[in-house]
Every structure is written in C-alpha cells, then in structure tokens.
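Top line first, the protein sequences correspond to chains A and B.
Heads up, the first sequence is in the numbering used here, so the first residue is 1 and it goes up one at a time.
Heads up, the second sequence is in the numbering used here, so the first residue is 1 and it goes up one at a time.
Even for Gly, the Cβ is constructed at its ideal location relative to N, Cα and C.
All remarks here apply to the structure that follows.
Protein chains: 2
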Amino acid sequence: MNAQPIMKPYVIGLDLGGTNSVFGIVDSRGDIKATTAIKTQSYDNVEDYVNASIDALQIIIDQVGGIEKIKAMGIGAPNANYYTGCIEHAPNLVWGKGVVPLAKMFSDKLGIPVAMTNDANAAAIGEMAYGVARGMKNFIVITLGTGVGSGIVINGQLVYGSDGMAGELGHVTMVRGEEGRICGCGRTGCLEAYCSATGVARTAREILSKSDEPSLLREMNPEEITSLDVSIAAGKGDKIANDIFKFTGKMLGEACCDFAAFSSPEAFIFFGGLVKAGDLIMNPIKEAYDAHVQKIFKGKAQFLVSGLDGASAAVLGASAIGWDIQ
Amino acid sequence: MNAQPIMKPYVIGLDLGGTNSVFGIVDSRGDIKATTAIKTQSYDNVEDYVNASIDALQIIIDQVGGIEKIKAMGIGAPNANYYTGCIEHAPNLVWGKGVVPLAKMFSDKLGIPVAMTNDANAAAIGEMAYGVARGMKNFIVITLGTGVGSGIVINGQLVYGSDGMAGELGHVTMVRGEEGRICGCGRTGCLEAYCSATGVARTAREILSKSDEPSLLREMNPEEITSLDVSIAAGKGDKIANDIFKFTGKMLGEACCDFAAFSSPEAFIFFGGLVKAGDLIMNPIKEAYDAHVQKIFKGKAQFLVSGLDGASAAVLGASAIGWDIQ
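Here it is, written out as structure tokens:
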C-alpha cells in the first residue's frame, strides 16, 4: 500500500462485467469521488471498447482535477491474468475470445500504471484496503455469486501462484466419485456446484423433493426458485429453507477446514448475494467449521461478512488493485 | 537467502527427532562440513538437553574455524512454532510437554540467530536452498513418512499462516462422512490416514482381504506388512502391491488438484520413505492428477522427488532455515 495521499490522491477502479463496465475514482479511504459506466458488449473489438471507456473516463478524471491526481488504475475482470495483464479466453465477452492485453491498452492511453485481476482477487485487495481485512496479513475472501470464487492473502500478499491463476477455491472437490454434482468446469463434486446461486437452487429442489414437509418454497415453480427466495423463506422461519442453508453452510464450513490446513488464515470473509442472508447462512458455516476443524486451529479464525458497500463493492475492489501496484 | 559466503560461510542445522538429535555444519551449497549427534531423550529437562547439545556442537564448531564462521542455526523439530521459536506441547519429547523456547535458549548460548520450524517446512526450505526447488517461487513439499506433512512456498516465502501452524496438508479431508478412516488427529478421512506409512499398510490389508489373488504380500503376517514391503513387492511386478500404490497415488494426485486450486504451484515435491519406490508411486500420483485437475492447471505443475540426500536430508532442511533468517 502506497497511497501517496498528497501528490496523487486517487486511483481508478473498473468493474468489468459481462453487461456493464463501471468506473469509479476512489480515494485512499475508499470514498468514491466520481463514477461513470458504459455497456461492455456494445463494441465489436477491444480497441473500440477502450476508446469508449477513455471518452467516458475523461469526464470524471477532469471532475477530480485531471490525470495528474491519479496514481494508477485497477481492473477486476473475468479470466484476467494478473501477471500478464491480459484477459484470456473469456467466454462471456464478445471482444475477449483470444488473449487481450487490456491493462497495457489502458496504460498506454492514460499514461498511468494499470493492473488487472479477477473479481474475487479484487474483492480481497478491496477488503484489505478499505474493508474488514484492514491490518490483516492472512485471510481468505470467498465470493458466493453465480459461481464460487476466492481471493487468498498470505503474508500481506495476494496469492497469484506460478501462473497468475491461483485461488480457485470454488473448484476444490467436496464430493468425490459418481455422487458428485456436475460443475460448470466440466468436473464433478466441486464446492461451486453446491454453494453458488445455482447450487443452492438445486439443493432447494433436491430437499423439497425428498419430503412432503410444508414450506413457503412449495408455492413456487421448483425450477424458478432462486437463492434469494431461499433467503426470504429462511428469514420467515421456514424449516426447509433453513435446512437448505444448513446443507450449504456445512459444505462451506468443511471446505474452510481444508483451507485452514493450507494457510491458517486469521479470517474467512464472505462476499456476495448469498451473504445477505446474514446469520441464517453464517451460523451454519461457523457451526460446521467448529465441529470439523483440526484441534490446533479451533477457535482461531474469524468468520466475517464483507465490509465493502454492496452496490460499489466491485469498483472498490478493482480500484484497490491500483494502490497495490509497486 | 543471504549466504554471506566469505564472512560467515556456514550455518548449523539440527534435526531434532524423538530419538536422535543430529547436528550438521553446512555451507551454502549444502555440503555438510562436520556432524555430531546426541540422544534427544537422555535428559530430564531442556536445560540439560541444551547444555549437552552445546558441548557436542563446540567440537564441530572448532573444526570449521570457530563460531565467527557461523551465520545462524536452523532447527527442524516436532510441534515447532516458527513465529515464537517454541516447541509447543510435543507429545513425544520428555522435556517438551509445555511451551519450550528452544530457539532462544540456543541463541543465548551460541550468540547467533536461531530459527525453528517443523520438519516438513524445513524440508521445503531445504529444497529451495540446495534441492530441486532452487530458483522456484511457488511449490509444495509433501512428506510421506510416519505421518503426511507439508511445506508450502508462495512468492518465495514459506507459508506459516496467522499462527505459525499453516501447512497441515496431511489433514485435508479426502473421504467425508462415516466411511472415512480414523486419523491420528482425532478426525476421520484425512489424507494422512491413507497415505502415511501406516495408511499404506492398512490399504494393503484391506486390498488383500478383498480377493484371493496371489501376491507376494500373502507370505507375510498381514499385521506386519509395511510400506517398504509393498515397495519391494511392487518392484517385483506384484499386481496387488501395484494396486496398493495406485490407490495411494490416486488419493495423493486428487489431493494435489485441490492444492493447485489454492496456490497453483509450479511443482509438487515428494519427500520420505514411500518416495523411494520411485515411478511405482510417482506415476499413479501423476496419472490421478492429470485425470482430475481443473483444465486451466492441466500440464503445468511438475511432480518431483526430493533432491536432498536421504540420510542427511533432515539436517540439510533444518540448516536451510538458518540461511533464511532475515
């Protein structure tokens, strides 16, 4: 962290999603000073996308006093390789099919350093810069959304691994062999297949089909139940909905026991839609962890909910990558 | 690494085992210049143990030109906490029941810095200093012995975690629920319960009992079969012995897939008795890894056997901790 608060008080954050690209100019306390956005997929090629981004950015850069006030830019993007600054074979970006050197393209246009990583890593750096991980040197952020992602910090450094692709904790195997659910990665039994939004919806259908116990969720078409519906029903005390969270929390808590054996973090920090259920999901996670973790780690790790403001969390996370550039 | 080759060309390594304490004076290339040993458990209290160690050490220190030639000391010991320099509640050491500040005791007597960690971490630092991991920044050493241990290096640094106890990969859960074998840690289904020396012996008994297929191992009392016997039989082409190694290798290879998801190392380095079987065990590990690993990691990690000389590997590993002191 080298915020240089007087000379260059700001960084640019870009949350590059499949639909929208949201830009923010952020100070060292995590206050967003200006923001803008463009549609990610309105451009056939990456040059047009970058040009449109620069046009939009120029307005907010001027608002904060010009590019000389800005230290760096951080980008959170799918399939982003931190080491190369490239987006690699992103299936959901029309202009991201090959290897796209996006960090260099922005850096050349803006004349400032630009770094890029995936959204879960950006969230981890964001928690360290502005969130609940301030002052922590060893923690793991687990993002629960469409998929399950992770950002791992050890000795105060994000873990990128030998190839820039480390921190794929959504794809540790939780159920081995043929019983394992099919995962989007093409394998079976991954944590993501159980604890992503679609994983939770699938658990809901499985648990509902196994009994006739009454539940608010029975009023819905089983194929349309979302993890948000489960949260709402659980909040109303629905037994089946709480069973779904218990199953999900057990999977996450037991996975955290294996992660503790790896890096013994001082905290696990949960981020994403599912976490909005609060204690309804966090308590089952903690209970499963306490019941299963190795004795030497018992009672040590904290279980926290992200400290980044929901709506702007991804932009804040991305911007924090900018502070982290050496 | 700061070997200071001219001023202080040596470090002391202590491999502190339950039976013997072996000391070596080692140069920056990993050549052992002098060695001595005492019995670990011949002393009722730690003061007597340290005094006896210093008496033995003084002779070999004089042989290499005196204490001014020695930069530091590294100790590999059971239940050692790197952060505190203490042995904590070591069940197998008569004088190690409480919290014993062994690093400080040696440092006070010798007047040089002393660091201490467990044997698997020492092995990892040893591989980086003198072995097959020279020049690597991201790798994992897995020790296969009485237990299964690990030393994890990320960004060129040993991973000690928030409490000094990280790197317990022998205790990730490989078989969940009631089918899991009981592990020495009091839980079930741990990697160690399958891939330690006793785990392999247990696999041997299980596989032998499931068929009448002929095997060299049937000539032995099933309760007395060791992993060395399995190695010897497998080397002679025994089908059952090779099945035992396939089962063990599958467990290790699949565990490495989860470890890759965590830190994407450039190499997995195997150390210990079981590895003496060479390709007979390494090939099943690699085959299971290739079959199971996430696509983005396929073909990236190397699978290596320790480069440290067997008889002196533990002393070399311990000594390397000395070079690593900042």
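Between the Cα of A/D415 and those of A/I32, A/R29 and A/C257, spot the shortest distance and give me the residue it belongs to. A query on residue 415 of chain A cannot be resolved here, the shown segment of chain A reaching from 1 to 326 and no further.
Give the single residue among B/E178, B/I182 and B/C190 whose Cα lies nearest to the Cα of B/V172. Numbered from 1 along the second sequence, position 172 holds the residue referred to as residue 172 of chain B. When only C-alpha atoms are compared, the closest one is B/C190.
Boundaries (first-last residue) of the alpha helix (DSSP H) holding A/K33: Start at 1 with the first residue of the first sequence, and residue 33 of chain A comes out as number 33. Taken as a continuous stretch (DSSP letters only), A/K33 belongs to no alpha helix (DSSP H), being part of the beta strand (DSSP E) at I32 to K39.
Along the chain, where does the alpha helix (DSSP H) that runs through A/N242 open and close? Taking the first residue of the first sequence as 1, we reach residue 242 of chain A at position 242. Looking at the DSSP string, the run of the alpha helix (DSSP H) that includes A/N242 is K239 to S263.
Between the CA atoms of A/S264 and A/K298 - distance to the nearest angstrom: Indexing the first sequence from 1 puts residue 298 of chain A at position 298. Indexing the first sequence from 1 puts residue 264 of chain A at position 264. Whole-angstrom Cα-Cα distance: 11 angstroms.
Rounded straight-line distance, which links the Cα of B/I25 to that of B/Q63: The sequence position of residue 63 of chain B within the second sequence is 63, counting from 1. The sequence position of residue 25 of chain B within the second sequence is 25, counting from 1. Taking the straight line from one Cα to the other gives about 10 angstroms.
Between B/M73 and A/A133, what straight-line distance do the alpha-carbon atoms span, to the nearest angstrom? Along the second sequence, one-based indexing puts residue 73 of chain B at 73. Along the first sequence, one-based indexing puts residue 133 of chain A at 133. Cα-Cα distance, rounded: 35 angstroms.
Can you check whether the C-beta of A/Q157 is within less than 8 angstroms of a C-beta belonging to chain B? Counted from its first residue, the first sequence places residue 157 of chain A at position 157. For A/Q157, the answer is yes, since a Cβ of chain B falls inside 8 angstroms of its Cβ.
What is the DSSP secondary structure of A/V46, counted as helix, strand or coil? In the first sequence, residue 46 of chain A corresponds to position 46, counting from 1. Of the three classes helix, strand and coil, the one that applies to A/V46 here is helix, per DSSP.
Can the beta-carbon of A/W323 be found closer than 8 angstroms to that of A/A103? By 1-based counting over the first sequence, the position of residue 323 of chain A is 323. By 1-based counting over the first sequence, the position of residue 103 of chain A is 103. Cβ atoms of A/W323 and A/A103: not closer than 8 angstroms.
Neighbour-count burial assignment, A/Q326, 16 or more Cβ in a 10 Å radius: In the first sequence, the residue the question calls residue 326 of chain A occupies position 326. Its Cβ having fewer than 16 others within 10 Å, A/Q326 is exposed.
Based on the DSSP secondary-structure assignment, which residues constitute the bridge partners of A/C183? The count along the first sequence starts at 1 and reaches residue 183 of chain A at position 183. According to DSSP, which records beta bridges pairwise, A/C183 is partnered with nothing at all.
What residue does the alpha helix (DSSP H) around B/S227 start on, and which one ends it? By one-based count along the second sequence, residue 227 of chain B stands at place 227. Segment S227 to G235, the alpha helix (DSSP H) holding B/S227.
Counting only the same chain and skipping the five closest in sequence on each side, list residues whose C-beta sits under 6 angstroms from that of B/G310. By one-based count along the second sequence, residue 310 of chain B stands at place 310. Hits under 6 angstroms: none found.
Collapsed DSSP secondary structure at A/M116 in the structure displayed: Reading the first sequence from its first residue, position 116 is the one you call residue 116 of chain A. Here A/M116 sits in strand by DSSP.
Enumerate, from N- to C-terminal direction, the unbroken beta strand (DSSP E) stretches of 3 or more residues contained entirely within the segment 42-90 of chain A. 70-76 and 86-88
Grouping DSSP H, G and I as helix and E and B as strand, with all else coil, what is B/S150? Along the second sequence, one-based indexing puts residue 150 of chain B at 150. If DSSP states are grouped into helix, strand and coil, B/S150 belongs with the strands.
Pull up the DSSP beta-bridge partners for B/F23, would you. Reading the second sequence from its first residue, position 23 is the one you call residue 23 of chain B. Paired residue(s): B/L14 and B/T36.
B/S42: buried (16+ other C-beta within 10 angstroms of its C-beta) or exposed? Counting from one through the second sequence, the residue named residue 42 of chain B turns up at place 42. Burial call: exposed.
Return the Cβ separation of A/F271 and A/I142 in integer angstroms, given the expectation that the two are a contact with Cβ distance under 8 angstroms. Position 271 of the first sequence, counted from the first residue, corresponds to residue 271 of chain A. Position 142 of the first sequence, counted from the first residue, corresponds to residue 142 of chain A. Rounded, the Cβ-Cβ distance is 7 angstroms, consistent with contact.
Which residue comes first and which comes last in the alpha helix (DSSP H) that contains B/V315? Start at 1 with the first residue of the second sequence, and residue 315 of chain B comes out as number 315. Segment A313 to D324, the alpha helix (DSSP H) holding B/V315.
Cα-Cα separation, A/I12 to B/Y10: The residue you call residue 12 of chain A lines up with position 12 of the first sequence. The residue you call residue 10 of chain B lines up with position 10 of the second sequence. Roughly 50 angstroms separates the two Cα atoms.
Cβ neighbours of A/P5 in the same chain (closer than 7 angstroms, five flanking residues each side left out): Working through the first sequence from its first residue, we reach residue 5 of chain A at position 5. Bear in mind that the predicted position of A/P5 carries a pLDDT of just 48, short of 50, making it unreliable; the figure below should be weighed with that in mind. For A/P5, where only same-chain residues beyond five positions count, the Cβ hits under 7 angstroms are S28.
Would the beta-carbon of A/V159 fall within 8 angstroms of that of A/N138? Locating residue 159 of chain A in the first sequence gives position 159, where the first residue counts as 1. Locating residue 138 of chain A in the first sequence gives position 138, where the first residue counts as 1. Taking 8 angstroms as the Cβ cut-off, A/V159 and A/N138 do not qualify as a contacting pair.
B/P91, buried or exposed, once every other Cβ within 10 Å from all chains shown has been counted against 16: Along the second sequence, read from residue 1 onward, the residue named residue 91 of chain B stands at position 91. By the 10 Å Cβ count, B/P91 comes out exposed.
When burial is assigned at 16 or more other CB atoms within 10 Å of the CB, is A/T19 buried or exposed? Locating residue 19 of chain A in the first sequence gives position 19, where the first residue counts as 1. A/T19 should be labelled exposed.
Let me check one thing: in DSSP terms, what residues is A/C190 bridge-paired to? Stepping through the first sequence from its first residue, residue 190 of chain A is reached at position 190. Beta-bridge pairing links A/C190 to A/T173.
Anything in chain B within Cβ reach of A/V172, meaning under 7 angstroms, just list it in chain order. For the purposes of this step, residue 172 of chain A is identified with residue 172 of the first sequence, where counting begins at 1. Going along chain B in sequence order, the residues near A/V172 (Cβ under 7 angstroms) are D258 and A261.
As assigned by DSSP and simplified to three states, the class of A/Q4: The sequence position of residue 4 of chain A within the first sequence is 4, counting from 1. Any reading at A/Q4 is ruled out, since the residue's pLDDT is 47, under 50, leaving its predicted position unreliable.
So is A/G135 buried or exposed if we call it buried at 16+ other beta carbons inside 10 Å? Position 135 of the first sequence, counted from the first residue, corresponds to residue 135 of chain A. Exposed, since its Cβ has fewer than 16 Cβ neighbours within 10 Å.
For A/N221 and chain B, any beta-carbon pair shorter than 8 angstroms? Along the first sequence, read from residue 1 onward, the residue named residue 221 of chain A stands at position 221. Output row for A/N221: interface = no.
Using a Cβ cut-off of 8 angstroms, which residues of the segment 272-300 of chain B contact any Cβ in chain A, in chain order? H292, Q294, K295, I296, F297 and K300
What residues in its chain sit with their C-beta under 8 angstroms from that of B/V275, if we drop five residues either side in the sequence? Position 275 of the second sequence, counting from 1, holds the residue named residue 275 of chain B. These residues qualify, in order along the chain: L144, I281, M282, V305 and S306.
Buried or exposed, going by whether 16 or more other CB atoms sit within 10 Å of the CB of A/M105? Start at 1 with the first residue of the first sequence, and residue 105 of chain A comes out as number 105. With 16 or more Cβ atoms within 10 Å of its Cβ, A/M105 is classed as buried.
Between A/I54 and A/I38, what straight-line distance do the alpha-carbon atoms span, to the nearest angstrom? Walking along the first sequence from the start, residue 54 of chain A turns up at place 54. Walking along the first sequence from the start, residue 38 of chain A turns up at place 38. Using only the alpha carbons, I get a separation of about 10 angstroms.
Run the CB neighbour count on A/Y194, radius 10 Å, all protein chains shown included, and call it buried at 16 or more, exposed below. Walking along the first sequence from the start, residue 194 of chain A turns up at place 194. With 16 or more other Cβ atoms within 10 Å, it is buried.
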